[in-house]
Each structure stands twice: as structure tokens, then as C-alpha cells.
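Undergrad:
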Amino acid sequence: MRVGSTGVAAAPLWEKHGIFEMLDAKYVIANIEKVRRNCVDRGVPADVLADLDAFVELERRRKDLLQSVEETRRLQNETAQATAKEKDPAKRSEFVEKGKRLKESVQNDEETLKRVELEARARLARIPNMTHPDAPIGSTEEDNRELRKVGTPRVFDFKPRDHVELGVALDLIDFEAGGKVSGHGFYFLKNDAVLLDLALQRYAINKLIAAGFTPIITPDLARNSILEGIGFNPRGPETQIYSIENSDLSLIGTAEITLGGMHADQILDESSLPIKYVGISHCFRTEAGAAGRASKGLYRVHQFTKVEMFAFTTVEGSAAAHLELLSLEESIFQGLGLPYRVLDICSGDLGGPAYRKFDLEAWMPGRGEGGEYGEVTSTSDCGDYQSRRLNIRYRPAGQKGTRFVHTLNGTAIALSRTLIAVIENYQREDGSIEIPEVLRGDMGCREVIGVRS
RNA sequence: GGAGAGGUGGCUGAGUGGUCGAAAGCGGCGGUUUGCUAAACCGCUAGGUGGGUAAUUCUGCCUCGGGGGUUCGAAUCCCCCCCUCUCCGCCA
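Going letter by letter, the first sequence gives residues 15 to 467 in the numbering used here.
Structural data, given as C-alpha cells:
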């Protein structure tokens, strides 16, 4: 099916890949070549690719070992039970001796099994999700497919300023103080920027509550095990995550982490699905390796506030939910009157957990020479990749057993970047900023953020 | 931060070394009875993972907050961690 401007044909995972097997060890082994090709498409590090064959071999060994260990355990159980029933002391001590011998005989195998298991799992955990068949294959930004443009970038009859210039002039943003107090990449919002920030949050939240989402304010810190389950690497040289010294906590990079973690280790009722949350949190990113790249202003910062959507769905429900998240994002930016384009993100840019990802890029007049689109939202269908790691299942009605839920996330409003778009698109020649109509109610019914004297 | 008490199946809750993956109750599902509903009665009712079978089914292993240990044998004893509750202190 083709992607068109009227919508996206998102074939459900279970039709393409066979139901729960995706990135289950069994799936990987049965489809090793497919997985290998996908890893190449996704541009995984060379060692992950090289480890695929090692993984298959480890799994084979694990199975052999497991079988023999289980057989010995069976004998041990049998012996222990026989001991319990035996009243004659002499016979009883015979059983005890037998039990001792069995116990010693498996020790080696059990240790080896544990080691093999850990090695296999470590390799499996680094394999990225499979990729939606309609997602473009490629590795650079140019390989992302533009699905549509909505709204027309405004033509200015004066030279538009960027948000840094505007924000400083109106005393809305203080980068200097941010640098002094917290370092480069931090900032203070002041005056009407604070109200604008809050108004944008209210705007997004209201809209999503109306769409059936449950509002949540999440913790800004999470356990590393939750980070890992969602697919983030809390430690390591290229990590984007700040970790808290002497603890297993990290500052979250997005509420996706905490919202997704909320139902870890649970079996949900099918009737409760889809669960749709809209969460507010602060987001912290080290931006390691991003030095010098679009580092000016609010675009790439170490801390920002984000209103985030998160959904838990049935296997069959995720494709439609993904489109719903995308359409809500679009509706939010249409409501703000901001021109944007929609991108179908290419395989190499999907990261680990996403099966498919759409980005919204809003028009930012102050960006580059004469304006550019800049990423403001992103929505991912992660299939069962996260739920498998976090152990989130549901019980399908009328069937026995459980299945992994599907998880999806999407930005409603990332405050820093949306502020850029609002400030730059709504600027007037005198340096004042018109307030988007939908925000005026929360801004004292004013129409303009004025020039300060 | 200090002191204490706990974490058992969908829920309540028994179980302090062996026929316990686990009493009982509630809830849920199925059935009998009934003009209908209710009541009563009977039965079923944790998850994961592996093996045999065409299949109803049969069967192994793991799991009583998590991890480690003692033991022939652990829900039960020991150690570490997490979480919850009560009291004290501190605090927005």
C-alpha cells in the first residue's frame, strides 16, 4: 500500500511478522537473515551485526544446557520427595546421599547455563526493532520521506528575527543567566514566556483530555531498569541521559520512559485497552556529541518541558493508534496556526525501539538562511518491543494465555521548540509577538506580547 | 534520617523445613434448578517456558516482592536490595 496525503497505510505488525515473535529469541533465530538485513538498514554498530551469529550459537548452546539441567532438576525433585516419604532411617540417608550427588553434578552446568543466558540476552537486547515495510530505507535525513506539507510559511515584508534576538529583546529568555547558573544549554524563561509556556501546556492537555487521554504528571527521575526497558541506554559514552551518582536513577529524557514504565510487570485487561495517557514532565538530555550543531537558542537544550502522549494498545490496535497520535499532533499545530511538514522517518533514523516513526517539523523563520523546518514532534509505534522488555501483557477476551501489549508514544508539545516556532512565526515588524488565538484565553485575553520599554 | 510491622493467586487471607503452586472466602466462568431474576447446589478458575501428540490431551522445568545463600528438600531459615504501612524527627 502506498503512503498518500490522505493518510498512511499502516499494515499491522501481526500480519507482517507473525504474531508475538518479533524480537523474541525464537523470531530472531527463525528469521536470522531478515533480522540481519534489518540491522543493516537500521545502521547498527558493526559489533551488533557481528554478534548476530554469536547469538544464534549461544541460543543453541543454551537450549542444550537447559535441557540437561532441567532433567537433573527433575531427578532432584523426585529424590527430595522420596526422602520426605521414606520413614526408614537407613533408606532415608541413601536418598539424602543421592540428592547430594545430584546437586554436585549439576553445579557446573548451571553456572555455564547462567553465563550463556546472560551473554545471549545481552546480544538480543541490542538488536533493534523490525521496520515497518512502508518506512523508507536509508540512513540520513535526506532519506526521510516527506508525506505532506500543511500551511504556508508566512512571507515577511521585513527581515524576520530569530527567537534568540526576539526573546532577549522582550526579556522573555535569559540565556546568560542560564549559562552562569547551570551551564551552556540552560536558560531561564521570564515574563510572558512563562505564561506562553503554561498556556501551551494547557492548550495541549485540554485538547488531549477531550480526545480521551488521562492527564498525568510523571516523576522526572526513573530507575535505570525502566530506562533500559523503554530502550534507553542510561550509561555509556554516547548516552543522552544524566544519571544520578550513587543510585540507580537517571533524569528522564522524556516522559515516554515514566509513562511506559507505569504498567511494567502487569497483565492488563483487554477491556481496559487502549490506555491513553498525556503526561507532563521535564526532559533532560546531555546532547553528547551535538556540540556546535544548531546549538544556538532553545533548539537543542539540556532541559525542557514536554507534554507527551503514550498509548498501550492491543496487537491489532496499534496501527490505528499511531495514526491517531499523528493526527492529534497535526491538529495541535494546525490549531496554533503553525506551518509544518510530516516526515516518514527512514530506517537508519528510527533508533532501537520504533517500528515506525513520523516527525512533524514546524516552520521556523529564524532558522538557517530565510527559515527552515525544524523538528517539533515525533510519534513512534514501538510494537511489542518495549512491552516485551518491560513485561506488559494483556489477556485477550475469550482466549487463554496473554499477549504483549503494543506501545506508542508521541510528542504533543515540546515546549522549547514550540516556543521557537510560535515566537518566530508570530513576530511583528516592531519586535512584538502576536499571541496565537487558541492561547489568548490563558494569556489574559491579550493579543500581543509587547515591546518592553 | 531513626524505630517497628509487613509483601502469598483477580481480591481478602491461611500457611514458619517435606505429599504446598499453595487452605478458605470473595469475585469471575460453566452447569443444575427456575415462568423470569435472585437464592441454593455442583464443577472450573495464576503466569512463564520447554517436550511428546493429528487433536481433546499428556508431561518436564521455573515463579509465593527481586537477587544470592543454607539444606537431600525453602513460601517457610540466613544475607543484600526494592516496595508498602505505623510511629518519631525533619521538611515544601
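Glycine included, every Cβ here is placed at the ideal spot set by N, Cα and C. Since we're looking at a predicted model, the values are computed, not measured.
In angstroms, rounded to a whole number, what distance separates the CA positions of residue 345 and residue 234?
TA: As a first step, residue 345 must be located in the first sequence, where it is residue number 331. As a first step, residue 234 must be located in the first sequence, where it is residue number 220. Whole-angstrom Cα-Cα distance: 27 Å.
Undergrad: I'd like to confirm the pairing. Which residues does DSSP put opposite residue 441 in its beta bridges?
TA: As a first step, residue 441 must be located in the first sequence, where it is residue number 427. In DSSP, residue 441 forms a bridge with 447.
Undergrad: How about residue 292 and residue 420: are their beta carbons less than 8 Å apart?
TA: Walking along the first sequence from the start, residue 292 turns up at place 278. Walking along the first sequence from the start, residue 420 turns up at place 406. No, these two residues do not count as a Cβ contact at 8 Å.
Undergrad: Report yes if the CB atom of residue 448 is closer than 8 Å to the CB atom of residue 442, and no otherwise.
TA: Sequence index remark: in the first sequence, residue 448 carries index 434 (1-based). Sequence index remark: in the first sequence, residue 442 carries index 428 (1-based). Contact flag set, yes.
Undergrad: To the nearest angstrom, how far is the alpha carbon of residue 219 from that of residue 393?
TA: In the first sequence, the residue the question calls residue 219 occupies position 205. In the first sequence, the residue the question calls residue 393 occupies position 379. Spanning the two alpha carbons is a distance of roughly 17 Å.
Undergrad: For residue 350 versus residue 177, is the C-beta spacing smaller than 8 Å?
TA: Working through the first sequence from its first residue, we reach residue 350 at position 336. Working through the first sequence from its first residue, we reach residue 177 at position 163. Cβ atoms of residue 350 and residue 177: not closer than 8 Å.
Undergrad: Quick one: grab the DSSP three-state call for residue 296.
TA: In the first sequence, residue 296 corresponds to position 282, counting from 1. In the three-state DSSP reduction, residue 296 falls in the strand class (E or B).
Undergrad: Could you tell me whether the stretch 182-191 touches the stretch 282-292, where touching means 3 or more Cβ pairs closer than 8 Å?
TA: no
Undergrad: What ranges does the beta strand (DSSP E) occupy inside the stretch 249-336, keeping only unbroken runs of at least 3 residues that lie completely in it?
TA: The stretch 249-336 contains these whole beta strand (DSSP E) runs: 263-265, 280-283, 289-298 and 317-327.
Undergrad: Given a threshold of 16 other Cβ atoms within 10 Å of its Cβ, counted over all protein chains shown, does residue 423 qualify as buried or as exposed?
TA: As a working note, residue 423 is residue 409 in the first sequence. That one is buried.
Undergrad: Is residue 268 closer than 8 Å to residue 297 when the C-beta atoms are compared?
TA: As a first step, residue 297 is located in the first sequence; it is residue number 283 there, counting from the start. As a first step, residue 268 is located in the first sequence; it is residue number 254 there, counting from the start. The answer is yes: Cβ separation under 8 Å.
Undergrad: Just how far apart, CA to CA, sit residue 353 and residue 41?
TA: Sequence index remark: in the first sequence, residue 353 carries index 339 (1-based). Sequence index remark: in the first sequence, residue 41 carries index 27 (1-based). So the alpha carbons of these two residues sit roughly 42 Å apart.
Undergrad: Based on the DSSP output, what are the partners of residue 387 in its beta bridges?
TA: The residue you call residue 387 lines up with position 373 of the first sequence. Residue pairing by DSSP places residue 387 opposite 377 in a beta bridge.
Undergrad: Can you give me the start and stop residues for the beta strand (DSSP E) that residue 424 sits inside?
TA: What you label residue 424 is simply residue 410 of the first sequence in a count that begins at 1. Its beta strand (DSSP E) spans residues 420-428.
Undergrad: If we ignore side chains and look at the alpha-carbon of each, how far apart do residue 418 and residue 373 end up?
TA: Taking the first residue of the first sequence as 1, we reach residue 418 at position 404. Taking the first residue of the first sequence as 1, we reach residue 373 at position 359. In this structure, the straight-line span from the alpha carbon of residue 418 to that of residue 373 is close to 26 Å.
Undergrad: State the DSSP-derived secondary structure class of residue 454, mapped to helix, strand or coil.
TA: For the purposes of this step, residue 454 is identified with residue 440 of the first sequence, where counting begins at 1. Here residue 454 sits in helix by DSSP.
Undergrad: Have a look at residue 323 and residue 333 and give me their C-alpha separation to the nearest angstrom.
TA: Position 309 of the first sequence holds residue 323. Position 319 of the first sequence holds residue 333. So the alpha carbons of these two residues sit roughly 15 Å apart.
Undergrad: For residue 155, which residues from the same chain have a beta carbon less than 6 Å from its beta carbon, with the 5 sequence-adjacent residues on both sides left out?
TA: Here residue 155 corresponds to residue number 141 of the first sequence, with the count starting at 1. Hits under 6 Å: none found.
Undergrad: Grouping DSSP H, G and I as helix and E and B as strand, with all else coil, what is residue 151?
TA: For the purposes of this step, residue 151 is identified with residue 137 of the first sequence, where counting begins at 1. Three-state DSSP puts residue 151 in coil, outside helix and strand.
Undergrad: Express the C-alpha separation of residue 148 and residue 24 in angstroms, rounding to a whole number.
TA: Within the first sequence, numbered from 1, the residue matching residue 24 stands at position 10. Within the first sequence, numbered from 1, the residue matching residue 148 stands at position 134. Legend: pLDDT at residue 24 = 29, less than 50; position of this residue unreliable, no value from coordinates given.
Undergrad: Under the DSSP definition of a beta bridge, which residues are partnered with residue 462?
TA: The residue you call residue 462 lines up with position 448 of the first sequence. Its beta-bridge partners are 448.
Undergrad: So what does DSSP say about residue 393, is it helix, strand or coil?
TA: Here the question's residue 393 lines up with position 379 in the first sequence. In this structure, residue 393 counts as strand in the three-state DSSP scheme.
Undergrad: Answer yes if the stretch 384-404 comes into contact with the stretch 355-374, meaning at least three C-beta pairs across the two stretches below 8 Å, and no otherwise.
TA: yes
Undergrad: Under a Cβ-count criterion, where at least 16 other Cβ atoms within 10 Å of its own Cβ denotes burial, should residue 169 be classed as buried or exposed?
TA: Translated into the one-based positions of the first sequence, residue 169 becomes position 155. It is exposed - the Cβ of residue 169 has fewer than 16 other Cβ atoms within 10 Å.
Undergrad: Taking Cβ to Cβ, would you say residue 44 is nearer than 8 Å to residue 73?
TA: Here residue 44 refers to the residue found at position 30 of the first sequence. Here residue 73 refers to the residue found at position 59 of the first sequence. For residue 44 and residue 73, no; Cβs fall outside 8 Å.
Undergrad: Keeping to the same chain, check which residues put their C-beta closer than 7 Å to that of residue 520; ignore five residues upstream and five downstream.
TA: No information on residue 520 is available, as it lies outside the stretch 15 to 467 that the chain covers here.
Undergrad: In angstroms, rounded to a whole number, what distance separates the CA positions of residue 238 and residue 90?
TA: In the first sequence, counting from the first residue as 1, residue 238 sits at position 224. In the first sequence, counting from the first residue as 1, residue 90 sits at position 76. Their Cα atoms are separated by approximately 37 Å.
Undergrad: Could you tell me the alpha carbon to alpha carbon distance between residue 110 and residue 118, rounded to whole angstroms?
TA: Translated into the one-based positions of the first sequence, residue 110 becomes position 96. Translated into the one-based positions of the first sequence, residue 118 becomes position 104. In a straight line, the C-alpha of residue 110 is about 13 Å away from that of residue 118.
Undergrad: I'd like to check one pair, residue 282 with residue 230: are the Cβ atoms closer than 8 Å?
TA: Residue mapping note: residue 230 aligns to position 216 of the first sequence, counting from 1. Residue mapping note: residue 282 aligns to position 268 of the first sequence, counting from 1. Contact: no.
Undergrad: Would you mind giving the Cβ-Cβ distance between residue 158 and residue 360, rounded to the nearest angstrom? I have them listed as a contact below 8 Å.
TA: Here the question's residue 158 lines up with position 144 in the first sequence. Here the question's residue 360 lines up with position 346 in the first sequence. Sure, about 5 Å apart at Cβ, within 8 Å.
Undergrad: Contact defined as beta carbons within less than 8 Å: I believe residue 378 pairs with residue 213. What is the distance between those atoms, to the nearest angstrom?
TA: Working through the first sequence from its first residue, we reach residue 378 at position 364. Working through the first sequence from its first residue, we reach residue 213 at position 199. Rounded, the Cβ-Cβ distance is 19 Å, inconsistent with contact.
Undergrad: Run through the DSSP bridge pairs and tell me what residue 188 is partnered with.
TA: Working through the first sequence from its first residue, we reach residue 188 at position 174. Its beta-bridge partners are 202.
Undergrad: Please confirm whether residue 163 and residue 355 have their CB atoms less than 8 Å apart.
TA: As a first step, residue 163 is located in the first sequence; it is residue number 149 there, counting from the start. As a first step, residue 355 is located in the first sequence; it is residue number 341 there, counting from the start. Yes, these two residues count as a Cβ contact at 8 Å.
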